[in-house]
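In what follows, a structure is listed as structure tokens, so that the remarks can point back to it.
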Amino acid sequence: MPSDDVLQHSQSDVDYYALIGGDIHPGSTEEAIRTAYRKKALAIHPDKRPNDPNAATAFHELQIANDVLSDPAAKEAYDRVRMGRELKKKQAEMMTGKRKRMAEDLERRESGAFKRAKEELDAEQLLEREIARLQEDGRKRRKQMEEDIKKAVHVEAEGTKVEPEPQNTVPLGGTNVDEIHRTVKVRWVKNDETKHIDKDTLRTLFGRFGHVDNTVVLKEKEKKSRLSDGQKVKQIIGSAAIVFSSIVSAHKAVEDKKGQELDKFQRIDWADGKGPDMSAFSSSTKSPIRNLPQRDIPTTPAQPTTRPRSAFPGLDSNFSTPVSSFKEKAGPSKGGQGDGLRRVPSFSSFNVSNTPGNSPWAKGLDTPSKEEITMIRLRNAEKKRMEEKIRREEAESAAHGETGTA
Numbered sequence: 001m002p003s004d005d006v007l008q009h010s011q012s013d014v015d016y017y018a019l020i021g022g023d024i025h026p027g028s029t030e031e032a033i034r035t036a037y038r039k040k041a042l043a044i045h046p047d048k049r050p051n052d053p054n055a056a057t058a059f060h061e062l063q064i065a066n067d068v069l070s071d072p073a074a075k076e077a078y079d080r081v082r083m084g085r086e087l088k089k090k091q092a093e094m095m096t097g098k099r100k101r102m103a104e105d106l107e108r109r110e111s112g113a114f115k116r117a118k119e120e121l122d123a124e125q126l127l128e129r130e131i132a133r134l135q136e137d138g139r140k141r142r143k144q145m146e147e148d149i150k151k152a153v154h155v156e157a158e159g160t161k162v163e164p165e166p167q168n169t170v171p172l173g174g175t176n177v178d179e180i181h182r183t184v185k186v187r188w189v190k191n192d193e194t195k196h197i198d199k200d201t202l203r204t205l206f207g208r209f210g211h212v213d214n215t216v217v218l219k220e221k222e223k224k225s226r227l228s229d230g231q232k233v234k235q236i237i238g239s240a241a242i243v244f245s246s247i248v249s250a251h252k253a254v255e256d257k258k259g260q261e262l263d264k265f266q267r268i269d270w271a272d273g274k275g276p277d278m279s280a281f282s283s284s285t286k287s288p289i290r291n292l293p294q295r296d297i298p299t300t301p302a303q304p305t306t307r308p309r310s311a312f313p314g315l316d317s318n319f320s321t322p323v324s325s326f327k328e329k330a331g332p333s334k335g336g337q338g339d340g341l342r343r344v345p346s347f348s349s350f351n352v353s354n355t356p357g358n359s360p361w362a363k364g365l366d367t368p369s370k371e372e373i374t375m376i377r378l379r380n381a382e383k384k385r386m387e388e389k390i391r392r393e394e395a396e397s398a399a400h401g402e403t404g405t406a
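In terms of UniProt numbering, the sequence shown has 45 at position 45, counting the first letter as 1, and numbering is strictly consecutive.
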């Protein structure tokens, strides 16, 4: 075969070493290549395979392989091409494996991130549903209380006596306040010091402020935080909702965040994020009539009970009121003077501690007792005084520093 054709065939993609066989490789000698070629040529000669239509083609390719590998220049060129081809193949396989691993790693991280996001969303939704439930319960209680108060005002105006149903008395201590105003949310970072925190631990730690009705530990979630050196780390955040029996206990827990055992908590705050508006509360011993509009109390002056029959029923100009009827029934006073009605029954005469729980006189509109409000206001005043003292000391220190510099 001409040398030009041999060099041209040396650029082929066919593996001539595998075609000749006999464990031939680029480091084999010419004698080894020639011996392997003769054995293979005898095995696939067309005369031995007369019925094989591809016998001549296979024998021709074997001759080309022998010509290329027998020529030193052609063999060197072929070995370079073959080595480059195998190197590219290995690189492609490595890239394929690397891409596959990268894709799998990316998919795994995305799946983990989606799972964490879903868990965080579930925890937030659980807390939001719990807060919404507490707010709805409080709304229903306020509505029922307003209806009871209006009914009681109407009964008092008519001067009739209400027989209270036998119920348990309402305990004092701010327990008639909505649960949302007695609920505190706490949050902490999971570590060796806080990994043991559970419902019983929270009940014990916060029981110092007052009786705890219930504790709800929420699902943990991961959060990335930046350290002082700028490095980002993953932290596992735990959170819980603590429902106290009294608003005073909840107020103590939020304001008195002191002590070595409470320093482990990252945050202690009201569950709704803002806390109750104490300015809206009034003393529980006050009459609930003061919280109602004046139009709810009959103020029509007394009129005679006898009146001419009107030609148009329902349009009488002279009519009697429940108050006037009550005056007539009361009769003259002992002194013989006055209209016989010395005083309209006062709501302040009712004793809260002896009043049934469903009575409107047992509690105000979600109000703690007078003593509890006083305690809370004293705590707030003390806190404000301390803040003003600290600001004053900082201002004096800054003034002394400026004087020394001058």
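For each residue, glycine too, the CB sits at the ideal point set by N, CA and C. Note that the structure is a prediction, hence the values are computed from the model and not measured.
- DSSP places Ile247 within a helical segment (H, G or I) once states are collapsed to three.
- In the three-state DSSP reduction, Asn51 falls in the coil class, being neither helix nor strand.
- Under the DSSP assignment, Val177 falls outside any beta strand (DSSP E); it carries neither an H nor an E label.
- Distance between Leu262 and Arg226, taken at the CA atoms: about 23 Å.
- Membership of Val153 in any beta strand (DSSP E) is not indicated; the residue belongs instead to the alpha helix (DSSP H) covering Pro72 to Glu158.
- Under DSSP, Gln235 shares a beta bridge with Lys223.
- At a Cβ-Cβ threshold of 9 Å, Gly22 and Lys48 do not count as neighbours.
- At the C-beta level, Leu134 and Ala250 stay beyond 9 Å of one another.
- The DSSP-derived three-state label of Asp200 is helix.
- About 7 Å separates the beta carbon of Ser246 from that of Arg182, a gap short enough to meet the 8 Å contact definition.
- Distance from the Cα of Gln125 is smallest, within the candidate group Pro53, Gln11 and Lys221, for Lys221.
- In this structure the region 106 to 126 touches the region 206 to 220; the number of beta carbon pairs closer than 8 Å is three or more.
- In the structure shown, Gln11 falls within a coil segment according to DSSP collapsed to helix, strand and coil.
- At least 9 Å separates the beta-carbon of Arg108 from that of Ser70.
- A residue is called buried when at least 16 other Cβ atoms come within 10 angstroms of its Cβ; Ser111 does not meet this threshold and is exposed.
- Straight-line measurement puts the Cα of Gly27 at about 35 Å from the Cα of Pro50.
- Shown here for Ala36: same chain residues with a beta carbon closer than 7 Å to its own, the five before and five after excluded, namely Ile20, Gly21, Gly22 and Ile24 in chain order.
- The continuous stretches of alpha helix (DSSP H) do not include Lys274, and DSSP gives it neither H nor E.
- Within the same chain, and ignoring the five residues on either side of Arg267 in sequence, the residues whose Cβ sits closer than 6 Å to its Cβ are Arg187.
- In this structure, the straight-line span from the alpha carbon of Asp15 to that of Arg82 is close to 8 Å.
- According to the DSSP assignment, Lys39 belongs to the alpha helix (DSSP H) that extends over Glu30 to Ile44.
- Residues of the same chain with a CB within less than 6 Å of the CB of Ala73, apart from the 5 flanking positions on each side, do not exist.
- For Asp213, the enclosing beta strand (DSSP E) stretches over residues Val212 to Val217.
- Taking C-alpha positions only, Thr374 is separated from Val248 by approximately 10 Å.
- Collapsing the DSSP output to three states places Lys264 in coil.
- Using a Cβ distance threshold of 9 Å, Val177 and Ala241 do not count as a contacting pair.
- Taking all protein chains in view, the Cβ of Ala152 is crowded by 16 or more other Cβ atoms within 10 Å, so the residue is classified as buried.
- Rounded to the nearest angstrom, the gap between the Cα atoms of Thr96 and Glu128 is 47 Å.
- In terms of Cβ geometry, Ala55 and Pro46 form a close pair [threshold 9 Å].
- Just measuring C-alpha positions, the residue of Gly210, Arg142 and Val254 sitting nearest Gly275 is Val254.
- When DSSP states are grouped into helix, strand and coil, Ile242 belongs to the strand group.
- Closest in alpha carbon position to Arg116, among Ser397, Ile376, Arg379 and Ile236, is Ile236.
- Of the candidates Asn66, Ser397, Asp137 and Arg99, the residue whose Cα lies closest to the Cα of Ala41 is Asn66.
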